[in-house]
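>
Residue numbers (the UniProt record's numbering): 1 to 294.
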């Protein structure tokens, strides 16, 4: 059932009051197959269920359309405006939702490959795009080895996009570890930071929940992490545990490792309340320190 039919009315009413103060966001945690068509079909099925449950926005995981392997990225990569892009745009339009389309491999005209997230509004129009800026090159003794830079090129821009619910920031997985990026998004007006991500079985148990709590508390925003479901038959095993944390550092909702989705009803007035009671952002000493993205 499509409950997005009245989105134009909702949008017009919301913008009369500047921004709506409550938003329902669905976070999808799905297994990833080698078949792109199958992955998009699974994503669409979850989106349909989310819309039936009243979601305004749906967030997909990092690399939801192909296995998370460096060798795969050039094989699956498409130009912006390709088949995957158009299908995602069509899904957003058909269901009348904002769609944060996880991330997909994107290739440009110079044959550079990126880990890219597209954001579509209720009409299917692209309103944001982020290319992963910090590439996941790690080698943990006795744990995970991965080197995205073998096939990927880093992005060089920060993504903050506008909605009827206010501004939101987006980064991808490893980007979230870099504190400067989150603070810049918040300084540009983001009240929610969305993170399609695929932490693994080394970094996930150690850092996943801690990072979402820390970024939420430091910046007094909601943080949202959407991960692939865990698949032990995959060459890269996702930790799962998709999560939403409040600006007070409370876990609003969190999954385990299994496939599924949840919807959170976020009260954006709560951000204002926390920032009024504990005015961290206003109390910063800009006369003494500054944040640089160098």
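Ideal placement from N, C-alpha and C gives every residue a C-beta, glycine not left out. Because the structure is a prediction, the values reported are computed rather than measured.
How many angstroms separate the CA atom of residue 197 from the CA atom of residue 100?
Stepping through the chain shown from its first residue, residue 197 is reached at position 197. Stepping through the chain shown from its first residue, residue 100 is reached at position 100. The straight-line gap from Cα to Cα measures roughly 12 Å.
> CB residue 30 to CB residue 64, shorter than 8 Å?
Position 30 of the chain shown, counted from the start, is the residue given in the question as residue 30. Position 64 of the chain shown, counted from the start, is the residue given in the question as residue 64. Cβ distance < 8 Å, so residue 30 and residue 64 count as in contact.
> Given this structure, state the Cα-to-Cα distance separating residue 258 from residue 227, to the nearest angstrom.
Indexing the chain shown from 1 puts residue 258 at position 258. Indexing the chain shown from 1 puts residue 227 at position 227. If you take the alpha carbons of residue 258 and residue 227, they lie about 10 Å apart.
> Is it buried or exposed for residue 290, if we count other Cβ within 10 angstroms and need 16 for buried?
As a position in the chain shown, residue 290 is number 290, starting the count at 1. With fewer than 16 other Cβ atoms within 10 Å, it is exposed.
> Would you mind stating whether residue 152 and residue 102 have Cβ atoms separated by less than 8 Å?
For this step, residue 152 is matched to residue 152 along the chain shown. For this step, residue 102 is matched to residue 102 along the chain shown. Contact flag unset, no.
> On the CB-based measure, 16 or more other CB atoms within 10 Å of its CB, does residue 111 come out buried or exposed?
Here residue 111 is taken as the residue at index 111 of the chain shown, counted from 1. By the 10 Å Cβ count, residue 111 comes out exposed.
> If residue 109 and residue 118 are in contact, beta carbons under 8 Å, what's the gap, nearest whole angstrom?
One-based indexing of the chain shown puts residue 109 at position 109. One-based indexing of the chain shown puts residue 118 at position 118. Residue 109 to residue 118, Cβ: 17 Å. No contact.
> Quickly, what does DSSP pair residue 238 with across the bridge? List them, please.
As a first step, residue 238 is located in the chain shown; it is residue number 238 there, counting from the start. Note: residue 238 sits in a beta bridge opposite 200.
> List the endpoints of the continuous beta strand (DSSP E) containing residue 112.
Translated into positions along the chain shown, residue 112 becomes position 112. Element bounds for residue 112: n/a, residue is neither H nor E.
> Pick from 26, 268, 19, 18: whose alpha carbon is nearest that of residue 243?
Residue mapping note: residue 243 aligns to position 243 of the chain shown, counting from 1. Among 26, 268, 19, 18, the Cα nearest to that of residue 243 belongs to 26.
> Helix, strand or coil for residue 207, going by three-state DSSP, please let me know.
Numbered from 1 along the chain shown, position 207 holds the residue referred to as residue 207. Looking at residue 207 - three-state DSSP - the assignment turns out to be helix.
> Can you give the beta carbon distance from residue 181 to residue 175, rounded, assuming they're within the 8 Å contact cut?
Within the chain shown, the letter at position 181 stands for residue 181. Within the chain shown, the letter at position 175 stands for residue 175. About 6 Å; that satisfies the 8 Å criterion.
> So residue 226 is in the beta strand (DSSP E); what residue range does that whole segment cover?
Numbered from 1 along the chain shown, position 226 holds the residue referred to as residue 226. Residue 226 -> beta strand (DSSP E) spans 222-226.
> Could you check where the alpha helix (DSSP H) with residue 39 kicks off and where it finishes?
Numbered from 1 along the chain shown, position 39 holds the residue referred to as residue 39. 36-52 is the span of the alpha helix (DSSP H), which, as asked, contains residue 39.
> Between residue 98 and residue 163, which are expected to be in contact by the criterion C-beta below 8 Å, what is the C-beta distance as a whole number of angstroms?
Residue numbering aside, residue 98 sits at position 98 when the chain shown is read from its first letter. Residue numbering aside, residue 163 sits at position 163 when the chain shown is read from its first letter. With a Cβ gap of about 6 Å, residue 98 and residue 163 count as contacting.
> Look up residue 88 in the DSSP assignment and say whether it is helix, strand or coil.
On the chain shown, residue 88 is found 88 positions in, with the first residue counted as 1. In this structure, residue 88 counts as helix in the three-state DSSP scheme.
> Where does the unbroken beta strand (DSSP E) through residue 23 begin, and where does it stop?
As a position in the chain shown, residue 23 is number 23, starting the count at 1. Counting along the chain, the beta strand (DSSP E) containing residue 23 begins and ends at 22-29.
> Under a three-way DSSP split, which group does residue 179 fall into?
Translated into the one-based positions of the chain shown, residue 179 becomes position 179. Note: residue 179 maps to helix in three-state DSSP.
> Does residue 285 come out as helix, strand or coil in the three-state DSSP assignment?
Your numbering for residue 285 matches position 285 in the chain shown. Looking at residue 285 - three-state DSSP - the assignment turns out to be coil, as it is neither helix nor strand.
> From the DSSP output, in three-state form, read off residue 190 for me.
Here residue 190 refers to the residue found at position 190 of the chain shown. Strand at residue 190.
> From which residue to which residue does the beta strand (DSSP E) around residue 162 run?
Mapped onto the chain shown, residue 162 falls at position 162. Counting along the chain, the beta strand (DSSP E) containing residue 162 begins and ends at 159-163.
> Going by beta-carbon coordinates alone, are residue 216 and residue 222 separated by less than 8 Å?
Along the chain shown, one-based indexing puts residue 216 at 216. Along the chain shown, one-based indexing puts residue 222 at 222. In contact: residue 216 and residue 222 (Cβ atoms closer than 8 Å).
> Output the distance between the C-alpha atoms of residue 195 and residue 287, rounded to the nearest integer angstrom.
Here residue 195 refers to the residue found at position 195 when the chain shown is read from its first residue. Here residue 287 refers to the residue found at position 287 when the chain shown is read from its first residue. About 31 Å.
> Looking at C-alpha atoms only, which residue of 190, 206, 38 is the closest neighbour of residue 84?
Start at 1 with the first residue of the chain shown, and residue 84 comes out as number 84. The shortest Cα separation from residue 84 among 190, 206, 38 belongs to 38.
> Which runs of the beta strand (DSSP E) at least 3 residues long sit entirely within the stretch 115-152? Give them in chain order.
Complete beta strand (DSSP E) runs here, min 3: 126-131, 137-139, 145-147.
> Going by Cα to Cα distance, which pick from 238, 120, 249, 190 is closest to residue 32?
As a working mapping, residue 32 is identified with position 32 in the chain shown. Of the listed residues, the one whose Cα sits closest to residue 32 is 238.
> For a test of the three-state rule: what should DSSP assign to residue 97, helix, strand or coil?
Taking the chain shown and counting its residues from 1, the one referred to as residue 97 is at position 97. Residue 97: coil per DSSP, three-state reduction.
> Given residue 274, which residues of its chain have a CB within under 7 Å of its CB, disregarding the five upstream and five downstream residues?
For this step, residue 274 is matched to residue 274 along the chain shown. These residues qualify, in order along the chain: 220, 247, 248.
> Distance check for residue 93 and residue 57, CA to CA, integer angstroms please.
For the purposes of this step, residue 57 is taken as the residue at position 57 of the chain shown. For the purposes of this step, residue 93 is taken as the residue at position 93 of the chain shown. If I take the Cα positions, the gap works out to 12 Å.
> Cα-Cα, which of 192, 80, 48, 207 is closest to residue 271?
Along the chain shown, one-based indexing puts residue 271 at 271. The option with the nearest alpha carbon to residue 271 is 192.
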